[in-house]
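Take the sequence shown: its letter number 523 is residue 1015 in the working numbering, and every next letter is one higher. Worksheet for the structure shown next.
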Amino acid sequence: MNKNKNVILAIERMPQWAFLLILLLFQFIFVPQGLDFADEGFFMTFYQQIFNDPESVTYAFMYWFTGILGGTVYSLFPGGGILMMRFAGVLIITLTAAVTCRVLKSYLPLWAIRIGVAMSVLYIFDDVISLYYNNVSALLYVTAVGLLLKGLRSGVGRGWIMGSGMLFSLNIFTRIPNILGILFTLIILYEAWIFHRGMKWCVRNIVYFLSGYFSMFFLVCLSMWKLGHLLPFLTCLDWVFHIGGASGSSHNIFFMLRTTIGQYLEIGFSGLFLTIWGVLFFYLIKRYRNKLFTWVIGIASFLLLAFYLYFYGALYPLYFLSLVTILFLLWIGTPEIKIVALAALLLLVIQPLGSDGAVDLVGRFSMWLALPLVVTYIGRQIRRLPVSRRISDRILNRIGWVAFLLFVGLSVQRHISYTYFDQGSRFKKIYSVDHPFLRGIYTSRQRASLSQEVISALDKYVSKDDYTLIYDNSPILHYLTKTKPYVYNPWVYLYDKTLLRKALLHAEKEHASLPVVVLQKFKGLWIDWPDGYSDGYMADDANKGKNLLIKEFLKKNEYKKTWTNGYYEIWIPRNKK
C-alpha cells in the first residue's frame, strides 16, 4: 500500500511542464518513421493548395478550418515538409493533453488525470500523427467543454459560455460531422435539472451558447467569402450530401449507422469477455488461498488478457470501461462529477459519428475526458462487486498497476510494429527518399525504392502548378510535385462513380489543357505495399466502375503510356511532348 502511495505521490509532485515534456518527447521518438501515400498525402496537398488554388482541392473543404491551420503552417515553413507537419500534430496532441488536465483538475485527483491523459496519448498515437482533422477536432471539443464547465461553475459565466459555443461552431468547419456538437447544450439542461437552477437560468445560458455558436458561424462564412473559399465549400457540401445518400459509398448514412451499431455490439462482447475474465479471476483467487495456486492463476489470467488485447486491441475494452464508469457516475456520482461524466459521454458517442470507420477510426480521439474518470473510479466500482469482497486493497492495487503496465507495453509494442498505412516493424523503416519534402522521413527499403522511382520519373513530365490526375490512392504525389489535382480532389479513391464522372466532365470544360495521368496499379491501403501488390486492381470490373471511367478518359483523349515500373504508369496526351 505504501508503494502505491509513493507512486501516486511521485506522479502528483511532478511539475506539469515535466509531465507534458515527457509526453512530447515520447511522441517525437516515433515521428520520423512511416510514409503514408494516402491520408497524409491528401491533407498535405490540401494545405499546399488552399491558399494557392482552393478550387483544385474542393473535396477537402469539408475540413476547411483544419486546412487553414495546415495551410498556415505550410506558408510559414514551406520547406518543412512532412516532418514539420508531424511536429505540428504532436504539438496539437500535447496541447490537448494540457487542456484536459486543466479542465479536470477541479474534479479529479491529479495522478488519475495524468495517467488517463497518458493513456489517451499512447492510444491516439496509433493513428495519423500529423496535424489533421481528428486531433484538431479533439482539441476544440475538449477546450469547448472546459469553457462550458467553467461558465456553468462561474457566478458570471456569460463570456465563457459564449466562447464555448464559438468553439463548438468552429469545430463544424474542422470536420463537418462535428455539427452534432450542438448537442452539448444538453449539459446546460442537465445542470439546470440537477442543481434546480430554474427555467430562466437554463434559457439564458442556452441563449448565451447559441449566440456564440451562430456568431462564429457567421464569422467563418464571412472569412470564407473574403478568402474566396465560400464557393468551394458550398460545392463540397453538395458533394457531402450526395455521398451521404449514395448506395455504394462508404460514407452512406445507413452504412455508417450499421457500422456504428456493429461496433457497439463488439464493444459489448469485449465487455462480456472482461466481465467473465474478471469474475473467474476474482473467484479463484478468493476461493483458493494457496499462494502458489494464486500465482499460477494470476500468471494464467495475465497471459489470457494479454493475448486478447494483443490480437483484438484495447480500444473496445477501453470504450466499454469508459461507458460503464460514466453510467456508474451518472447513477451515484456527486452532482459536479455527473456533469463531467455527461460531457465525457457526449464526447465518446458524438465525435465518432459521421466517420465511415466510426469508433475504430475516431474513437481513440474521444477518450480524453473518459479515461481519467476510469482511472479514478474503476477501482471503487470493482470494490463494490460481491465477487471482489474480502480481497485486500493491496492485491487490487497490484492488479490495477499490472493492467496499466500491460496497456503501456502493448501500446509501445504496437507503435514499434506499425505505422499508419505503412505496416511492418519500425526496425526495417530505415530508408529515406531523396526529396526536400521527405527529409527526415524513413520507410522500408521497397517502399523507398518504389517511391523514388515514380517521383523521379514524374519530374520529367510535370512542373509546379501543373494539373495532374493521380489515380487513385497516392495523393502524396500531388504534394511532392507541387501539382494541382485535375478533378478537384487529391484522393480520387474517395469519389464514387457519379462524382468522378461529373468531376472529369467539369474539368475538361474548365481547364485549357489535359493533365498528365498517373495510374496506381495496386490499392495501397491497409497493406505493406509494394509487398501486397495485386495485379487485378486496375481490372475493368474493379473499383466500383471508376476504372472504366479513367480508361475511357484516356482513350477519348488519345493518351499514351510513357513510363511504368510495374506498379505505377505515367500517361500523357499525344499532343504533349
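Note that beta-carbon positions come from the ideal geometry of N, C-alpha and C, so glycine has one too. Quick caveat: nothing in here was measured; it's all calculated off a predicted structure.
Report task. Taking Ser1005 as the reference, give the member of Asp958, Lys1038 and Ile824 with the closest Cα. Result -> For Ser1005, the closest of Asp958, Lys1038 and Ile824 by C-alpha to C-alpha distance is Asp958.
Query raised in the report: Do you know how far the Cα of Tyr780 is from the Cα of Ile607?
Result: If I take the Cα positions, the gap works out to 33 Å.
Requested in this report: Measure the alpha-carbon distance for Lys718 versus Leu711 and round it to whole angstroms.
Outcome: Going from the Cα of Lys718 to the Cα of Leu711 covers about 10 Å.
Report task. Mark Glu1044 as exposed unless 16 or more other C-beta atoms lie within 10 angstroms of its C-beta, in which case mark it buried. Result -> In this structure Glu1044 is exposed. Its beta-carbon is surrounded by fewer than 16 other beta-carbon atoms within 10 angstroms.
Requested in this report: Taking only the alpha-carbon atoms, compute the straight-line gap between Gly647 and Phe687 and give it to the nearest angstrom.
Outcome: When rounded, the separation of the alpha-carbon atoms in Gly647 and Phe687 is 14 Å.
Query raised in the report: Ends of the alpha helix (DSSP H) at Gln519?
Result: Note, Gln519: alpha helix (DSSP H), Gln508 to Phe522.
Query raised in the report: DSSP three-state call for Ile542: helix, strand or coil?
Result: Looking at Ile542 - three-state DSSP - the assignment turns out to be coil, as it is neither helix nor strand.
Query - Three-state class that DSSP yields for Leu1011 in the structure shown - result: Under the three-state reduction of DSSP, Leu1011 is assigned to strand.
Query raised in the report: Do Leu861 and Val613 have their C-beta atoms closer together than 8 Å?
Result: Taking 8 Å as the Cβ cut-off, Leu861 and Val613 do not qualify as a contacting pair.
Query raised in the report: Per DSSP, Ile1062 is paired with what?
Result: Paired residues: Val1010 and Trp1055.
**Report entry** Alpha-carbon spacing of Leu863 relative to Phe857, whole angstroms
**Finding:** Cα to Cα, the separation comes out at about 11 Å.
Query raised in the report: What is the residue span of the beta strand (DSSP E) that Thr564 lies within?
Result: In the DSSP assignment, Thr564 falls outside any beta strand (DSSP E) and within the unbroken alpha helix (DSSP H) covering Trp556 to Leu568.
**Report entry** Alpha-carbon to alpha-carbon, Ala502 and Lys783
**Finding:** Between Lys783 and Ala502, the C-alpha separation is close to 31 Å.
Query raised in the report: Using the beta-carbon count (16 or more within 10 Å), is Val499 buried or exposed?
Result: Exposure of Val499 is indicated by the presence of fewer than 16 other C-beta atoms within 10 angstroms of its C-beta.
Query raised in the report: Grouping DSSP H, G and I as helix and E and B as strand, with all else coil, what is Pro669?
Result: Correct three-state label for Pro669: helix.
**Report entry** Rounded distance between the beta-carbons of Val591 and Thr564, thought under 8 Å
**Finding:** Actually they do not touch by this definition, with Cβ atoms about 20 Å apart.
Query raised in the report: Quick one: is Lys1038 buried, meaning 16 or more other Cβ sit within 10 Å of its Cβ, or exposed?
Result: Buried: at least 16 other Cβ atoms inside 10 Å.
Query - Cross-strand partners of Thr752 (DSSP beta bridge) - result: None; Thr752 has no bridge partner.
Query - Bridge-paired residues (DSSP) for Asp914 - result: Here Asp914 is bridged, per DSSP, to Thr911.
Query raised in the report: Quick one: Cα of Leu596 to Cα of Ser814, how far?
Result: So the alpha carbons of these two residues sit roughly 16 Å apart.
Requested in this report: Tell me, please, whether the segment 970 to 977 touches the segment 947 to 961 by the rule of three or more beta-carbon pairs shorter than 8 Å.
Outcome: The segment 970 to 977 is in contact with the segment 947 to 961.
Query raised in the report: By how many angstroms is the C-alpha of Val582 removed from the C-alpha of Leu517?
Result: Distance between the alpha carbons of Leu517 and Val582 is about 9 Å.
Query raised in the report: Can you tell me whether Ser936 is buried or exposed, with buried defined as 16 or more other CB within 10 angstroms of its CB?
Result: The Cβ neighbour count for Ser936, taken over all protein chains shown within 10 Å, is at least 16; the residue is labelled buried.
Query raised in the report: What are the start and end residues of each continuous beta strand (DSSP E) run of 3 or more residues lying completely inside the segment 698 to 770, in chain order?
Result: Taken in chain order, the whole beta strand (DSSP E) runs of length 3 or more contained in the segment 698 to 770 number zero.
Query raised in the report: Can you list, in chain order, the residues of its chain whose CB lies under 6 Å from that of Val523, leaving out five sequence neighbours each side?
Result: So the list reads Arg578, once near-sequence residues are dropped.
Query raised in the report: With a CB to CB cut of under 6 Å and the five nearest residues on each side skipped, what residues in its chain are close to Met506?
Result: The beta carbon of Met506 sits closer than 6 Å to none of the beta carbons in its chain outside the five residues before and after it.
Query - Distance between beta carbons of Leu527 and Ser966, contact taken as under 8 Å - result: So it is not a contact: roughly 11 Å between Cβ atoms.
Report task. Note the first and the last residue of the continuous alpha helix (DSSP H) segment covering Leu602. Result -> Counted as a single uninterrupted DSSP element, the alpha helix (DSSP H) harbouring Leu602 occupies residues Leu602 to Ile616.
Query raised in the report: How do the segment 660 to 680 and the segment 698 to 713 stand: do at least 3 beta-carbon pairs fall below 8 Å, yes or no?
Result: In short, these stretches touch, since the Cβ pair count reaches three.
**Report entry** Cβ separation of Tyr633 and Gln843, assumed to be a contact under 8 Å, to the nearest whole Å
**Finding:** Right, the Cβ-Cβ distance comes to about 6 Å (below 8 Å), so this counts as a contact.
Query raised in the report: Can Tyr934 and Val1010 be called in contact, C-beta distance under 8 Å?
Result: No, Cβ-Cβ distance for Tyr934 and Val1010 is not below 8 Å.
Query raised in the report: Got a sec, what are the start and stop residues for the beta strand (DSSP E) Tyr978 sits in?
Result: Where Tyr978 is concerned, there is no enclosing beta strand (DSSP E), given that its DSSP letter is neither H nor E.
Query raised in the report: So Ile962 is in the beta strand (DSSP E); what residue range does that whole segment cover?
Result: Going by DSSP, Ile962 is part of the beta strand (DSSP E) stretching over Tyr959 to Tyr963.
**Report entry** Beta-bridge pairing of Tyr923 - partner residues as DSSP gives them
**Finding:** Bridge partners of Tyr923: Thr935.
Report task. Helix, strand or coil for Gln470, going by three-state DSSP, please let me know. Result -> This structure leaves residue 470 out entirely; the chain is present only between 493 and 1069.
Query raised in the report: Cα-Cα, which of Gly760, Ala850 and Tyr551 is closest to Asn670?
Result: When each option's Cα is compared against that of Asn670, the closest is Ala850.
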